[in-house]
Every structure is written in C-alpha cells, then in structure tokens.
Amino acid sequence: MSSSAALAAAKKRRNVGLGEQKAPQNNRQVERPGIREPLSVPQLVSQHDARIFKMERMMNLDKSNSLSQSSLDRIHNDLSQKIEFISKKSETRIDENVINNKIEKHDTDIVSLNNMMKTLNKTASDIKISNAKLHATILEQSKEIEKLKKMVSDNEKVDKS
Numbered sequence: 040m041s042s043s044a045a046l047a048a049a050k051k052r053r054n055v056g057l058g059e060q061k062a063p064q065n066n067r068q069v070e071r072p073g074i075r076e077p078l079s080v081p082q083l084v085s086q087h088d089a090r091i092f093k094m095e096r097m098m099n100l101d102k103s104n105s106l107s108q109s110s111l112d113r114i115h116n117d118l119s120q121k122i123e124f125i126s127k128k129s130e131t132r133i134d135e136n137v138i139n140n141k142i143e144k145h146d147t148d149i150v151s152l153n154n155m156m157k158t159l160n161k162t163a164s165d166i167k168i169s170n171a172k173l174h175a176t177i178l179e180q181s182k183e184i185e186k187l188k189k190m191v192s193d194n195e196k197v198d199k200s
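Residue 97 in the working numbering is what sits at position 58 of the sequence shown, and the numbering runs on without skipping anything.
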C-alpha cells in the first residue's frame, strides 16, 4: 500500500464513529492511568488511533501551523506515558506453557474424534451390507412364497378335478 493510500485509509478510519469533536481546552485535567481492565490488542490500537486523531486535530487548529516548544513537550510526555503504559501491559503475557497444554489437549481430542468417526463409518458400511443381504433374502423368500402359492393352487385344482 502506498503512503498516500495508507494516509487516506487512516483518515477514513478516524472519521468513522468519532463524529465531530470539540476543540481541546487548555484547562483540561491530566489523565492519570489508574487500575483498568486489560484491553485487547484491537482496543489498544483503536484508542491509539483516536488519540493520534486528536493530536492531528490539535495541530490543525493551531493558526500558525507550527507547534510551540511547550506543545511539543506536552505531546512528547503524553506519548512517553502511553508507551510506558503499553509496555507494562505487554509484560503480562499469557504463559506459553498454558497455551501449549491447551494445544496438546485439543490435538488429543481431535485424534479421539477422528477415531470415533472411523468407527462410525465402519459401522455404517456394515449396516449397509447387512441391509443389502436382508433385501436379497427377502426377494428370494418372496419368490419362494410365490412358488409355494402356485403349487398350492395347482394342488387345489388337481384335487377339485
């Protein structure tokens, strides 16, 4: 993806769902990271994208299109805090042994299910064979019954005469 296409896609994402935001106020309170629930990677990316959008809006609102040193310092501090917060979150990763154990369990379950499927397929084919044999036996017996009926009717004719 070219850089201009990537920039256009980022701007498009930022405009979706955020709506028009008010100009930032200089007397706002400093956000301090407290105890929060763990966020998923897509949530972190979404928050990061929204914050970048806010910073871009702040830059665009600046009449002279140049940032003062204090604005640069504030942005640098904000980004440093965010990076530190994210790096602390990345340290609390899921233990690889837990994941490997779950994978092994799922693998054994899959093998077990495959064996059950093979058994069921064999049973189904045995039932089909038995069904075919029963059908053949029924046909043979039907023919034999017809022969016997004919013999009985022939005997009755002979007895009447």
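Backbone N, C-alpha and C fix where the C-beta goes; we use that ideal spot for every residue, glycine too. Here the structure is a predicted model, which is why all the values come from computation and not from measurement.
- Beyond the five residues adjoining it in sequence on each side, S79 comes within less than 8 Å, by CB distance, of no other residue in the same chain.
- At the C-beta level, L159 and I125 stay beyond 8 Å of one another.
- The C-beta separation of M94 from I122 comes to about 14 Å, leaving the pair out of contact by the 8 Å criterion.
- For R113, the three-state secondary structure derived from DSSP is helix.
- Under the DSSP assignment, L78 falls outside any alpha helix (DSSP H); it carries neither an H nor an E label.
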